[in-house]
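One structure is given below, encoded as structure tokens.
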Amino acid sequence: MQKRRHSRARPTSLLVGSFAAALVLGACAGPENSVEDLPGVVTVAVTEGDGDDLGSPPDLVAVTMDHDATTNEIGQVLAALDDELADESVATVSITLEGTPSATLTIGTTTMRTSETTSALVAAVAEPGAEAIEIDDFGEGMTVRLDLREGGLDRVSAVVAQYWTRLEPTTDAMTDATLIVQSDGFRIIRGKGPAEPLLARIAVAQQVNREQPLTGVSIGDSALELRVRSDAEAAAVRGILRRIPSKVGTVRVVKESVDLSGATGTLLENARRVVNKVRHDDAFGSARIRNGELQIGASTIDDAMTLDSYLDGGIDPLHLPIALRYVLSDGSDFGKRAGARFRLHAPTRLAEQPQWARFSVTQEMQRTVVTVHARAGVSYRDAAAGLAAIHADESTIIWTDTRPSITLTPAGPDGREVTTKGEATAEDQAQIADGWAKGVS
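Read in order, the letters of the sequence shown are residues 3 to 443 in our numbering.
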């Protein structure tokens with residue numbers, strides 16, 4: 003296989019003499035040089051992390067390897083960067099295996115390399131029905147997340163037991179370790195500490211599920227949530243719980259907030275994968291299919307950004323193939339077409355601007371289209387100034403008073419001018435032009 007390499011350009015000084023030149027080359031050799039020719043390595047990317055004023059910022063190293071890379075090959079890459087991690091010239095190393103399932107191992111400067119973490123990564127790739135595995139190992143703590151394509155509560159429980167046994171030798175020396183396994187709505191979180199409380203909650207959930215099939219569960223060391231489709235099912239579950247002699251603490255019975263019934267085929271598969279990534283975060287509100295796009299509910303734009311952070315990693319973000327829209331509790335929304343990448347500048351800025359009661363943003367392949375509902379009393383000048391700062395390709399203002407809607411489009415070679423579509427007087431046009439000029443600058 004021909005290797006694709008990505009190395010940074012580093013500044014060098016032109017020195018006289020071959021010996022001096024050799025010194026420069028040696029000093030400029032980066033961590034990519036240590037690993038790019040190792041077996042299984044496909045690409046190496048190095049970026050600068052956050053630093054302080056006292057020295058150079060540390061590097062962040064991202065290595066892509068063959069899908070069938072072995073535990074030994076992954077270990078060689080990590081070993082080659084031991085010195086850089088030890089002297090903190092490299093802050094993190096991320097190993098990503100190509101293909102599906104997606105598989106990523108990230109370690110930090112305080113991580114003690116172990117064969118357990120690398121073997122868990124390789125084993126998860128071969129796990130039947132696995133969609134993704136993410137291992138974040140930072141020495142004092144570790145988080146492992148495994149997403150399965152299918153399988154209910156019993157399958158998730160079995161995989162938790164299997165992988166905790168595999169990882170336990172590594173977690174013994176850690177202050178914190180978490181294993182998260184989920185399949186659709188069924189999720190179990192295993193942490194350090196006695197296993198009995200978690201096993202008791204799993205047993206309760208399994209008994210309920212046998213008598214009244216659940217749409218999902220969330221089980222942790224201190225929490226048990228059971229999800230149902232209807233009020234009638236909720237009543238049935240509560241009746242079962244009253245008959246079970248157990249001491250598992252509070253059990254929450256909630257109605258399912260995910261409805262993908264409007265999707266089939268590829269849309270359903272992509273929507274399911276996206277929802278699985280975000281549904282268990284507290285910021286998640288709901289998910290549904292409307293007009294061929296996945297709509298995810300969130301209270302605020304900050305909550306929506308939190309959810310989106312689960313999806314945007316890797317070479318191909320998880321949400322890239324799907325039309326996706328976040329719907330906020332104030333009626334605002336922002337979304338993208340299938341195949342487009344999110345550009346979050348527009349919704350972020352609009353949420354900060356006081357002119358708007360609500361907004362809607364759609365990111366097309368090469369265009370950003372905005373619709374805003376202006377608050378009462380907002381002038382043409384202030385509206386134009388706010389929209390000019392968004393740099394959208396087309397912006398429509400809908401007024402809450404009797405003024406007719408207008409559409410503003412950047413004009414001129416540098417976008418400092420504006421064209422207006424809709425009913426606007428000469429005075430309105432002058433205000434728009436003035437506000438636009440101020441907003442662009």
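No residue lacks a Cβ here, since even glycine has one placed at the ideal position from N, Cα and C.
The structure displayed is predicted, hence computed values, not measured ones.
Give the straight-line distance between the Cα atoms of E258 and M176, rounded to the nearest whole angstrom. 36 angstroms
Would you mind working out which of G42, L313, A394, I399 sits nearest T72, comparing C-alpha positions? G42
Rounded to whole angstroms, what is the Cα-Cα separation between D283 and L309? 7 angstroms
Segments of 4+ residues assigned as alpha helix (DSSP H) that fall wholly inside the stretch 131-182: 155-173
Go through its chain and collect everything with a Cβ distance to A265's Cβ below 6 angstroms, but skip five positions before and after it. A273, I291
Tell me where the alpha helix (DSSP H) around M307 begins and ends. 303-311
If you run the structure through DSSP and keep just helix, strand and coil, what is K2? With the chain running from 3 to 443 in the structure shown, residue 2 is simply not present.
Output the boundary residues of the beta strand (DSSP E) element that contains D335. 335-338
Which residues does DSSP pair with P412 in a beta bridge? V420
Look at the alpha carbon of N35 and the alpha carbon of T102, and state the distance between them as a whole number of angstroms. 27 angstroms
Are there 16 or more other CB atoms within 10 angstroms of the CB of M67, so buried, or fewer, so exposed? buried
Return yes when the Cβ of Y328 is within less than 8 angstroms of the Cβ of G337, no when it is not. yes
Simplified DSSP state of W438, which is helix, strand or coil: helix
Beta bridge counterpart(s) of R290 as assigned by DSSP: D261, Q297
Nearest-angstrom Cα separation, counted from L155 out to L83: 40 angstroms
Have a look at L330 and R343 and give me their C-alpha separation to the nearest angstrom. 20 angstroms
Can you tell me whether K279 is buried or exposed, with buried defined as 16 or more other CB within 10 angstroms of its CB? buried
Hey, V48 and E38: beta-carbon distance below 8 angstroms or not? no
Please specify which runs of the beta strand (DSSP E), each continuous and at least 3 residues long, are wholly inside the stretch 44-76, giving them in chain order. 61-67
Identify which residue in T111, H347, A105, S104 has its Cα closest to the Cα of V95. T111
When burial is assigned at 16 or more other CB atoms within 10 Å of the CB, is M367 buried or exposed? exposed
What number of angstroms, rounded off, separates the C-alpha of V124 from the C-alpha of T421? 57 angstroms
How about A348 and I392: are their beta carbons less than 8 angstroms apart? yes
Could you pull out every residue in the same chain whose Cβ sits closer than 7 angstroms to the Cβ of S20, ignoring the five residues on either side in sequence? At S20, the pLDDT of 38 sits below 50, so the modelled position is not reliable; the number obtained from the coordinates is stated separately. Excluding sequence neighbours, S20 sits near nothing in its chain.
Separation of L201 from T167, as counted between CA atoms: 14 angstroms
Inter-residue Cα distance where the pair is T172 and E118: 7 angstroms
For V250, does the three-state DSSP call read helix, strand or coil? coil
I'd like to confirm the pairing. Which residues does DSSP put opposite E396 in its beta bridges? V371
Take E152 as the anchor and find which of Y165, Q164, S58, A132 has the nearest alpha-carbon. A132
Report yes if the C-beta of P323 is less than 7 angstroms from at least one heavy atom of the ligand NAP; otherwise report no. The ligand NAP is not part of this structure, which contains no ligands at all.
Can you give me the C-alpha to C-alpha distance between E50 and V63, rounded to a whole angstrom? 9 angstroms
Rounded Cβ spacing between P60 and E90 (contact assumed at less than 8 angstroms): 6 angstroms
Between T370 and R345, is the Cβ-Cβ spacing less than 8 angstroms? yes
Return the chain-ordered list of same chain residues with a C-beta closer than 6 angstroms to the C-beta of V146, the five sequence neighbours on each side being excluded. I137, L181
Expressed to the nearest angstrom, what Euclidean distance is found between the alpha-carbon atoms of D403 and A387? 19 angstroms
Could you pull out every residue in the same chain whose Cβ sits closer than 8 angstroms to the Cβ of V277, ignoring the five residues on either side in sequence? V260, L262, A289, L296, I298
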